[in-house]
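Asker: According to my numbering, the residues represented by the first sequence are 924 to 1422, in order.
Note that the Cβ used here is the ideal one computed from N, Cα and C, for glycine as well.
Sharing a structure, written as structure tokens. Questions coming.
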Amino acid sequence: MNKFYVTTPIYYVNDKPHIGHAYTTILADVLTRFHRGLGDETFFLTGLDEHGQKVQQAALARGFSEQAHCDDLAPRFTELWKKLGIGYSDFIRTTEPRHVKVVQYVLQKVYDAGDMYADEYEGWYSVAEERFITETEKDSGQFRDVKKLKERNWFFKMSKYQQRLIDYINDHPGFIAPEHRRNEMLGFLKQPLGDLCISRPKARMSWGIELPFDKEYVTYVWFDALLNYISGVGYVSDEATFKKWWPASVHLLGKDILTTHSVYWSTMLFSLGLPLPEKIFAHGWWLIGETKMSKSLGNVVNPLDLIDCYGVDSVRYFLMREMMLGQDAHFTPELFIKRYNSDLANDFGNLLNRVSGLIGKYFEKNIPSQGSLTSDDRVVEVLACDLHVRVKAYIDDLSVQEAIEEVLKLVRLVNGYLEKQAPWKVAKTDLARAGTILYVATESLRIAAVLLSAVMPEKTKTVLDILGAQNTQPLWGQLTSGVTLKTHDALFPRIEEEK
RNA sequence: CGCGGGGUAGAGCAGCCCGGCAGCUCGUCAGGCUCAUAACCUGAAGGUCGACCGUUCAAAUCGGUCCCCCGCAACCA
């Protein structure tokens, strides 16, 4: 038995959850469910990042205390996860004592190890934004009231680990994925790496975790947030649990936060003497139509709306099927409907109707038995038999869309097989043969449903329930002859284009 | 010359590392079937594989030059 520990980023609580949050979290859930189906022991951690300047500002703007603001927003995330059928193992919030303790422990440990020092931080400061901005941001001309500012701060000796990190990435080809992101990071690391300023003076920004060795400062939010990946599995507090789960199998994240994870987080782990996660996977963004999703543009698609109209499983399916590995994906209602109709209604759902209708008509709803197989039957059987092997390979590669497509190939093949075998004709002259055909088709459908259960837990459960095949494996022959099919409605009713 | 990714049928993508009939899904058109959710199946049309030059018996694939798109360029999250 293997262990599988997956994380999402902990989401920043300055706004409501959107499709981007939903995507990463569903992906983590799908991977977890798939691994659990294989018999792996799984741990799935998600949560919220609650410190930092933007939270402080958002809270202030609403007239809330910071903690009250976080407590108010947290349920918006947990409720959405519930609605999306997310089965996380733990939900961590960085304001929780268990996390705060770990952050302070780590700060002290890094300090004691000599990887922390105080120095003047000098950079461009935007008075309007109340924060330091980067050279790039300054050059963009979008910030007014910019001036050079010096400030005493604490620094983490990140530069000390630069070469070690480069060597590590080179020695571990799968560490940062997809490959072009890995190249990007190696390119980034060709420049001299500076040390990381990990403190913020309370005078300027007080909403954070106090440095154990300097009470005038709180911890820079990334240094705080990244530690959730270990504080969430018992680092320091529960060594046995921690040993069991760390290092993580995969950190899932958006491409915008790849540097923080591959550079800050890795060097922090080096300093702590802990192993690095096995994989850091940066996925693309959801574009709404042709434009980047953005709160300011007000074009954020609320996944909740889709769920209410079309069901949670079809939303999960769409997001998993449409995002190509590591690339950006597009969302429009038209794309959603197209995908839903062609894959779920016409191919998958309709196949269920075909076989259950035929079994109802010719076998009084009892699943027929499988006679000897013809070569045509064998083509289907062979593809269905080792489908789980191909699907697993894709899942291991995080190619969920390919895994799904592989299953749909079987579904399409079976639709063609039925057409060719025409059991509705055969039944009139050779009922046993018609039974075999229907067994082959239904068994294939069962296997497809089992393999799609990680993506669509509810609908596939319905299918397996109809077939009397709950808790079966994706192996040929587990469909029980003689079982009476349950009556059902259309699994995925077609969405008719209108308006 | 900062680093990196990409330009393949109307759309979205695979193939490129390891040259050898240009493939998949959707869309379009024509047939078929009539068990099924106007679903399903079969077939067809549609591509100078960004441009040019080179290597080779053979180039989407290897090398070179150019054009065009995109990402990264950290210490806001």
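Cutting at 6 Å between CB atoms, please list the residues of its own chain near E923, excluding the five before and the five after it.
Answerer: Absent from the structure is residue 923, since the part of the chain shown begins at 924 and ends at 1422.
Asker: Cα separation between S1404 and Q1293?
Answerer: Taking the first residue of the first sequence as position 1, residue 1404 is located at position 481. Taking the first residue of the first sequence as position 1, residue 1293 is located at position 370. Rounded to whole angstroms, S1404 to Q1293 spans 8 Å at the Cα level.
Asker: Enumerate in chain order the residues of its own chain whose CB-to-CB distance from A982 is below 6 Å, with the five nearest sequence positions on each side excluded.
Answerer: The count along the first sequence starts at 1 and reaches residue 982 at position 59. Once the five neighbours on either side are set aside, the close Cβ partners of A982 are E989 and H992.
Asker: Tell me, to the nearest whole angstrom, how far the beta carbon of A1171 is from that of L1321; I am working on the premise that it is less than 8 Å.
Answerer: Here residue 1171 corresponds to residue number 248 of the first sequence, with the count starting at 1. Here residue 1321 corresponds to residue number 398 of the first sequence, with the count starting at 1. Incorrect: roughly 14 Å between the Cβ atoms, too far for contact.
Asker: Taking a contact to mean a Cβ-Cβ separation below 8 Å, would you say S1189 touches L1119 in this structure?
Answerer: Walking along the first sequence from the start, residue 1189 turns up at place 266. Walking along the first sequence from the start, residue 1119 turns up at place 196. No, they are not a contact pair.
Asker: Please list, in chain order, all residues of the same chain as R959 whose beta carbon is under 6 Å from its beta carbon, the five residues on each side excluded.
Answerer: By one-based count along the first sequence, residue 959 stands at place 36. Cβ neighbours of R959 beyond the five flanking positions: T965.
Asker: Looking at the structure shown, is D1412 part of a helix, part of a strand, or coil, going by DSSP?
Answerer: In the first sequence, counting from the first residue as 1, residue 1412 sits at position 489. The answer is coil: DSSP assigns D1412 none of H, G, I, E or B.
Asker: Cβ of V1303 within 8 Å of Cβ of L1336?
Answerer: On the first sequence, position 380 is the one that residue 1303 refers to. On the first sequence, position 413 is the one that residue 1336 refers to. Taking 8 Å as the Cβ cut-off, V1303 and L1336 qualify as a contacting pair.
Asker: For the alpha helix (DSSP H) containing D1495, list its first residue and its last residue.
Answerer: Because residue 1495 is not part of the residues shown, which for the chain are 924 to 1422, the question remains open.
Asker: Assuming contact is defined by CB atoms lying nearer than 8 Å, are N1289 and V1406 in contact in what I supplied?
Answerer: Along the first sequence, one-based indexing puts residue 1289 at 366. Along the first sequence, one-based indexing puts residue 1406 at 483. Cβ atoms of N1289 and V1406: closer than 8 Å.
Asker: Alpha carbon to alpha carbon, how far is K1202 from F1111? Give it in angstroms, no decimals.
Answerer: In the first sequence, counting from the first residue as 1, residue 1111 sits at position 188. In the first sequence, counting from the first residue as 1, residue 1202 sits at position 279. One C-alpha to the other measures close to 18 Å.
Asker: What does the Cβ neighbour count give for N937, buried or exposed, with the cut at 16 atoms within 10 Å?
Answerer: Taking the first residue of the first sequence as position 1, residue 937 is located at position 14. Buried, by the Cβ-count rule.
Asker: Mind reading off the beta-carbon distance from F967 to A1377? Whole number of angstroms is fine, and I expect it under 8 Å.
Answerer: As a first step, residue 967 is located in the first sequence; it is residue number 44 there, counting from the start. As a first step, residue 1377 is located in the first sequence; it is residue number 454 there, counting from the start. Not confirmed; about 12 Å, so no contact.
Asker: For F957, name the three-state secondary structure that DSSP assigns.
Answerer: Counting from 1 along the first sequence, the entry for residue 957 is found at position 34. Here F957 sits in helix by DSSP.
Asker: Roughly how many angstroms lie between the CA atoms of S1122 and A1413, to the nearest whole one?
Answerer: Against the first sequence, residue 1122 aligns to sequence position 199. Against the first sequence, residue 1413 aligns to sequence position 490. Taking the straight line from one Cα to the other gives about 58 Å.
Asker: With a threshold of 6 Å on Cβ separation, who are the neighbours of E1045 within its own chain once the five nearest residues in sequence on each side are excluded?
Answerer: On the first sequence, position 122 is the one that residue 1045 refers to. Hits under 6 Å: K1073.
Asker: In chain order, what are the residue ranges of uninterrupted alpha helix (DSSP H) at least 4 long that sit wholly in the segment 1053 to 1102?
Answerer: Correct list: 1058 to 1063 and 1085 to 1094.
Asker: Could you work out which residue in A1148, K1125 and W1130 is closest to D1137 when comparing CA atoms only?
Answerer: Against the first sequence, residue 1137 aligns to sequence position 214. Of A1148, K1125 and W1130, the residue nearest in Cα terms is K1125.
Asker: Within 10 angstroms of the Cβ of V1363, are there 16 or more other Cβ atoms? Answer buried if so, exposed if not.
Answerer: Stepping through the first sequence from its first residue, residue 1363 is reached at position 440. Buried, since its Cβ has 16 or more Cβ neighbours within 10 Å.
Asker: Quick one: is T1354 buried, meaning 16 or more other Cβ sit within 10 Å of its Cβ, or exposed?
Answerer: As a position in the first sequence, residue 1354 is number 431, starting the count at 1. The sequence given here places Leu at residue 1354; Thr does not occur at that position. Per the 10 Å Cβ criterion, exposed.
Asker: Roughly how many angstroms lie between the CA atoms of T931 and D1309, to the nearest whole one?
Answerer: Here residue 931 is taken as the residue at index 8 of the first sequence, counted from 1. Here residue 1309 is taken as the residue at index 386 of the first sequence, counted from 1. Their Cα atoms are separated by approximately 31 Å.
Asker: Measure from the alpha carbon of R1423 to the alpha carbon of each residue in V1159, G1272 and H1411, then state which is nearest.
Answerer: Nothing about residue 1423 can be read from this structure; the chain reaches only from 924 to 1422.
Asker: With 16 as the cutoff for other CB atoms within 10 Å, does N925 come out buried or exposed?
Answerer: Reading the first sequence from its first residue, position 2 is the one you call residue 925. Exposed, since its Cβ has fewer than 16 Cβ neighbours within 10 Å.
Asker: Is it a yes or a no for the segment 1257 to 1266 touching the segment 1382 to 1401, going by three-plus beta-carbon pairs under 8 Å?
Answerer: Short answer: they don't touch.
Asker: If we ignore side chains and look at the alpha-carbon of each, how far apart do S1129 and Y1048 end up?
Answerer: Along the first sequence, read from residue 1 onward, the residue named residue 1129 stands at position 206. Along the first sequence, read from residue 1 onward, the residue named residue 1048 stands at position 125. If I take the Cα positions, the gap works out to 18 Å.
Asker: Looking only at its own chain, which residues have a Cβ that is under 7 Å from the Cβ of L996, when we skip the five neighbours before and after it?
Answerer: Against the first sequence, residue 996 aligns to sequence position 73. Result list for L996: V936, in chain order.
Asker: Tell me the start and end of each unbroken alpha helix (DSSP H) in the segment 1271 to 1313 that is at least 4 residues and wholly inside, in chain order.
Answerer: Those alpha helix (DSSP H) runs which fall completely within the segment 1271 to 1313 and span 4+ residues are 1273 to 1286 and 1298 to 1308.
Asker: Could you compute how far the alpha carbon of Y1340 sits from the alpha carbon of K1384?
Answerer: Numbered from 1 along the first sequence, position 417 holds the residue referred to as residue 1340. Numbered from 1 along the first sequence, position 461 holds the residue referred to as residue 1384. Straight-line Cα distance between these residues: approximately 25 Å.
Asker: With which residues is D1137 paired in a DSSP beta bridge?
Answerer: Position 214 of the first sequence, counted from the start, is the residue given in the question as residue 1137. In the DSSP output, where bridge partners are listed per residue, D1137 has L1134.
Asker: Just to confirm the assignment, what range does the beta strand (DSSP E) spanning P1043 have?
Answerer: Here the question's residue 1043 lines up with position 120 in the first sequence. Note on residue identity: the sequence assigns Glu, not Pro, to residue 1043. Counting along the chain, the beta strand (DSSP E) containing E1043 begins and ends at M1039 to S1049.
Asker: On the DSSP letters alone, give me the boundaries of the alpha helix (DSSP H) that E1002 sits inside.
Answerer: Here residue 1002 corresponds to residue number 79 of the first sequence, with the count starting at 1. Start and end: E989 to K1006.
Asker: Go ahead and pull the three-state DSSP assignment for V1378.
Answerer: Along the first sequence, read from residue 1 onward, the residue named residue 1378 stands at position 455. Coil, per DSSP.
Asker: On the DSSP bridge assignment, give the partners of K926 in chain order.
Answerer: To locate residue 926, count along the first sequence from 1; it is residue 3. Answer is E964.
Asker: May I ask you to report which of helix, strand or coil DSSP gives S1219?
Answerer: Along the first sequence, read from residue 1 onward, the residue named residue 1219 stands at position 296. Here S1219 scores only 44 on pLDDT, less than 50, and its place in the model is too uncertain to base an answer on.
Asker: By Cβ distance below 8 Å, which residues in the same chain neighbour M1243 in space, the five residues on each side in sequence not counted?
Answerer: Residue numbering aside, residue 1243 sits at position 320 when the first sequence is read from its first letter. Same-chain partners within the cutoff: I949, L950, V953, V1323, Q1324, I1327 and V1378.
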